[in-house]
Amino acid sequence: MLAPGVFDQDDDGVVLLLRDTVDDGDEASVAAVRSSANVCPAAAIRLSATPKA
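As numbered in full-length UniProt numbering, residues 1 to 53 make up the sequence shown, in order.
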């Protein structure tokens with residue numbers, strides 16, 4: 001897992017989403033999630049910007 005704080009995997013290999021947002025200030029997590037999206041074999045990870053309040 002490239003982003004273990006965001007994704008996990010169960011014993012059957014099913015990917016679990018641990019959280020659905022990543023703080024822009026957490027550059028390491030943002031980079032890891034971007035990398036995860038780029039290498040996801042099912043292309044199941046989509047990224048979108050969340051407007052700041």
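The beta carbon of each residue, even a glycine, is placed where N, CA and C say it ideally should be.
For V15, the enclosing beta strand (DSSP E) stretches over residues V15 to L17.
Setting aside the 5 residues that flank it on each side, A3 is surrounded in the same chain by A32, V33 and S36, each with a C-beta closer than 6 angstroms to its C-beta; the list follows chain order. An exposed status is given to V39, since fewer than 16 other beta-carbon atoms sit within 10 Å of its beta-carbon. Taking 9 angstroms as the cut-off, the beta carbon of S29 is found no closer than this to the beta carbon of D20. Boundaries cannot be given for D12, as no beta strand (DSSP E) includes it and DSSP labels it neither H nor E.
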